[in-house]
Amino acid sequence: MKFIPQKAKSILDSVKTKCKKPFLQCVLLALALNIFVEIMSRRSVFKAIAYLFTSPHVFIYNTFIILVTLSIALFFKRRWFVYYLVSLSWVAIGVTDFILLKFRTTPFTAVDITLMKSATQIWQYYLKWFHLVFIAIGLALTVFSCVIVWKKVKRYDNRLPLLKITIFFATTLISSTLLTKLGLKTNVLAGNFGNLANAYHQYGLPYCFVNSVINTGINKPNIYTTDVVNTIVEGVEQGKIVSSSDILPTEVPEPSETPSPIPTLTPTPPVDLSTSTSDTVASKETPNIIFLQLESFFDPTHIKGVTFTEDPIPNYRALKEKFSSGYLSVPSVGAGTANTEFEVITGMNLDFFGPGEYPYKTILQKTSCESISYNLKSLGYTTHAIHNNVATFYDRVSVFSQLGFDTFTSIEYMQDIERNQNNWAKDKVLTPEILQILNTTKNQDLIYAISVQGHGSYPDSALIENPRINLTLSEDLSDSLYYPLLYYSNQIKEMDEFIGELIESLSNRKEETILVMYGDHLPGFQLEETDLTNGSLFQTEYIVWDNFGMTKQNEDLEAYQLSAHVLDLLDIHNGLITKLHQTQKDSDIYLDELKVLEYDMLYGDLDCFNGVNPYTKTDLQMGTVPIKISEAHFVSAPPEGEATGDDSARVIVTGSNFTPFSKISVNDKIYDTKFINRSMISAPINELKSGDVITVIQSGNDNVPLSSTDSYVIP
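Quick note on numbering: the sequence shown equals residues 11 to 725 in the numbering used here.
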């Protein structure tokens with residue numbers, strides 16, 4: 011220290027003294043944490059520093075958010091331990107965001123925490139064994155460090171003056187609140203994010219993450235009133251475009267007489283759903299309608315600088331030229347299948363919901379809502395969902411009944427499943443399931459099929475030994491894209507062949523059928539918009555195939571417009587949301603009208619339905635063919651010396667339509683079950699008595715029972 015000039019030494023001592031002040035410590039820690047989480051969010055030190063200097067006001071605002079959470083520690087005697095816990099939480103958020111951005115483009119939000127159950131079902135596709143070891147070590151170190159910090163850090167016997175702490179805490183909280191309101195008013199901040207990844211970069215991780223915690227559902231529109239709802243409904247029903255002048259209070263005088271009532275809905279079994287006089291009437295000419303949602307499917311030739319040895323999607327490309335098609339704007343990239351699904355099925359715009367929200371995990375847990383399923387059920391359609399993955403993923407097994415589906419065939423009800431190199435089920439298993447429905451039902455069918463073969467993660471090494479398609483990358487693209495894209499292009503090659511086989515099968519049937527195909531989102535490659543010829547990470551493509559000569563009509567659409575567009579091509583006009591898309595697209599308040607109806611149906615007073623939700627939750631049937639027990643008998647173990655190694659006492663159950671996911675239950679106890687064929691399964695059980703009750707349960711790897719056969723009682 012003797013080499014330090016006296017004046018500099020004095021300044022250094024002064025800084026050290028000030029840094030011991032609790033309030034300044036709190037501020038400095040908030041600054042450090044903000045820098046850390048932004049480095050994690052941007053996956054770059056230099057990008058975080060650039061953000062700090064280009065958007066200092068946003069950086070300071072986000073520091074205030076972290077400061078509010080840290081200032082709580084000042085109320086405790088062990089304030090450094092509380093600092094540590096709060097800091098650990100922010101570090102965990104930043105690190106989690108960093109890790110997730112390796113697998114997808116969508117940042118970490120509070121909604122991801124609610125998806126933990128679904129995440130545990132697919133971790134094996136993304137994590138290797140050593141990743142799990144690192145996670146276990148990390149959790150152990152976290153717990154251990156908390157214990158050490160609790161024991162070692164200083165405990166202050168005298169708390170800081172309560173008045174000072176309260177003033178400091180209140181100041182940070184009020185400042186954050188006022189800055190939030192000012193930021194929203196001046197458009198420095200946004201309450202809803204069209205592009206979540208861009209929002210995290212523009213507004214900062216702390217604000218965006220906290221926003222995802224507190225901002226869920228649809229905020230009440232400023233124009234929401236019963237009169238506005240009635241005006242929108244009247245315009246939709248009459249096919250009259252509603253303009254801003256029709257609903258603004260300053261433009262519309264008080265009605266001198268009672269407004270025309272909304273058309274009364276007349277219940278139509280089996281769903282409590284009605285149609286107004288302008289709705290379509292069922293006819294024999296109404297075709298089967300199939301939606302085929304293709305996992306992570308897009309045209310990889312849109313990636314600049316990639317050359318393929320052959321076209322990965324020749325069938326899809328040929329269909330685009332012959333049938334109605336266009337770009338489809340979807341709400342996410344790299345993940346979020348359920349949200350594209352939600353928009354297509356309901357016609358609702360996800361932009362009105364909270365950041366990163368999955369309505370499947372929030373509002374649809376509580377209520378049913380308008381959907382293409384309900385709208386077509388009123389025309390006599392039977393409605394089906396099919397997915398070659400587990401039924402509980404995204405909680406579809408519960409949500410699909412809120413969306414009006416009659417049946418749901420998940421992978422637990424499928425036969426002859428083949429797996430790809432990443433252990434996802436191949437999509438060709440969907441063809442026999444679709445045909446079985448069409449061949450066994452009397453009414454017209456709506457089938458919503460969800461594929462999975464193109465799902466990530468995408469390997470960073472050679473996973474395919476002899477790829478059918480090879481590729482080369484230009485120098486402009488990172489070499490790290492090679493193996494993921496090689497795997498992906500070979501998967502969508504098989505998906506394209508599945509599409510060709512499905513269309514051939516549908517073409518051979520006499521029933522009129524329409525098949526709507528589209529990708530749910532782009533795969534989770536680390537691409538920029540400038541890497542794509544179409545310039546958007548949020549565009550896939552759709553095709554509307556038919557076997558009865560519809561006129562080709564190309565149009566670019568939003569995902570929430572797709573089902574209404576398809577029904578419009580068929581001259582079907584059922585459902586308020588559907589008719590709104592069909593009649594109000596040219597309105598200057600089109601999206602405002604949509605938001606009002608969405609809010610009214612899901613969170614408001616249901617004025618559009620005269621106060622009563624007409625959509626009754628369906629009694630969802632799992633699978634389309636019954637699983638039955640014909641007989642069950644006990645086979646004792648062979649005497650010692652005669653056993654072949656595999657022999658043991660067991661129960662053999664014979665019946666029909668068993669799958670590899672069938673499990674034998676005896677007196678409500680479920681046993682590990684061996685699938686022999688679709689007519690026979692067995693389980694190692696030591697005895698079976700008269701009066702024992704046997705059922706066969708369908709359940710996936712999560713062991714959640716999905717359905718059960720009728721009981722078979724041992725005579």
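We put the CB at the ideal spot given by N, CA and C, even for glycine.
Note that this is a predicted model, so its numbers are computed, not measured.
- A straight-line Cα-Cα distance of about 8 Å links Thr119 and Val223.
- Residue range 392-397 is occupied by the beta strand (DSSP E) that includes His397.
- DSSP places Ser408 in the helix class (H, G or I) of the three-state scheme.
- Asp610: member of the alpha helix (DSSP H) spanning 600-612, first to last residue.
- In the DSSP annotation of this structure, the continuous segment of the alpha helix (DSSP H) that includes Lys332 starts and ends at 324-332.
- Counting only runs of 3 or more residues that sit fully inside the region 466-544, the beta strand (DSSP E) segments are 481-483, 523-529, in chain order.
- For Gln592, the three-state secondary structure derived from DSSP is helix.
- Taken atom to atom, the span from the alpha-carbon of Thr719 to that of Gln708 is near 9 Å.
- Contact between the region 423-433 and the region 361-376 is absent: fewer than three C-beta pairs spanning the two stretches fall below 8 Å.
- Spanning the alpha carbons of Phe56 and Val47 requires a straight line of approximately 13 Å.
- By the beta-carbon neighbour count (other beta carbons within 10 angstroms, threshold 16), Ile49 is buried.
- Take the alpha-carbon of Tyr468 and the one of Tyr497: they are about 7 Å apart.
- Of the candidates Val238, Thr116, Ile674, Val238 places its Cα closest to the Cα of Asp615.
- In terms of Cβ geometry, Val645 and Ser692 form a close pair [threshold 9 Å].
- It is roughly 51 Å from the alpha-carbon of Gly346 to the alpha-carbon of Pro725.
- Between the region 407-424 and the region 621-636, the count of C-beta pairs closer than 8 Å reaches three or more; the two stretches touch.
- Annotated as proximal: Arg88 and Val163, with beta-carbon spacing under 9 Å.
- CA-CA distance, Glu538 to Gly315, rounds to 13 Å.
- Sequence-distant Cβ neighbours of Asn677 in its own chain, meaning closer than 7 Å and more than five residues away, are Asp702, Val703.
- The region 441-458 makes contact with the region 392-399; the number of CB pairs closer than 8 Å reaches 3 or more.
- Contact annotation: the region 476-496 does not touch the region 556-572, with fewer than three C-beta pairs closer than 8 Å.
- Under the three-state reduction of DSSP, Trp434 is assigned to coil, being neither helix nor strand.
- Following the DSSP letters along the chain, one finds Ala180 in no beta strand (DSSP E) but inside the alpha helix (DSSP H) bounded by residues 172-195.
- Between Gly534 and Phe203, the C-beta gap is not smaller than 9 Å, which leaves the two residues out of contact.
- If you draw a straight line from the Cα of Leu601 to the Cα of Asn229, it comes to about 14 Å.
- Spanning the alpha carbons of Val159 and Leu77 requires a straight line of approximately 21 Å.
- Counting C-beta atoms within 10 angstroms of its own C-beta, Val143 has fewer than 16 neighbours from the protein chains shown and is therefore classed as exposed.
- Pairing Ile587 with Glu380 gives a Cβ-Cβ distance under 9 Å.
- Per the C-alpha coordinates, the member of Trp90, His211, Asn500 positioned closest to Glu475 is Asn500.
- Proximity of the region 562-572 to the region 329-341 meets the contact definition, three or more beta-carbon pairs being nearer than 8 Å.
- If you draw a straight line from the Cα of Ala200 to the Cα of Pro365, it is about 10 Å long.
- In the assembly as shown, Asp437 is a buried residue. Its beta-carbon has 16 or more other beta-carbons within 10 Å.
- Put simply, of Ser306, Phe301, Phe318, Val714 the residue whose alpha carbon is nearest the alpha carbon of Ser484 is Phe318.
- Residue pairing by DSSP places Gln631 opposite Thr417 in a beta bridge.
- DSSP, read as helix, strand or coil, puts Ser461 in coil.
- Taking the CA atoms as reference points, Ser689 sits about 5 Å from Ser666.
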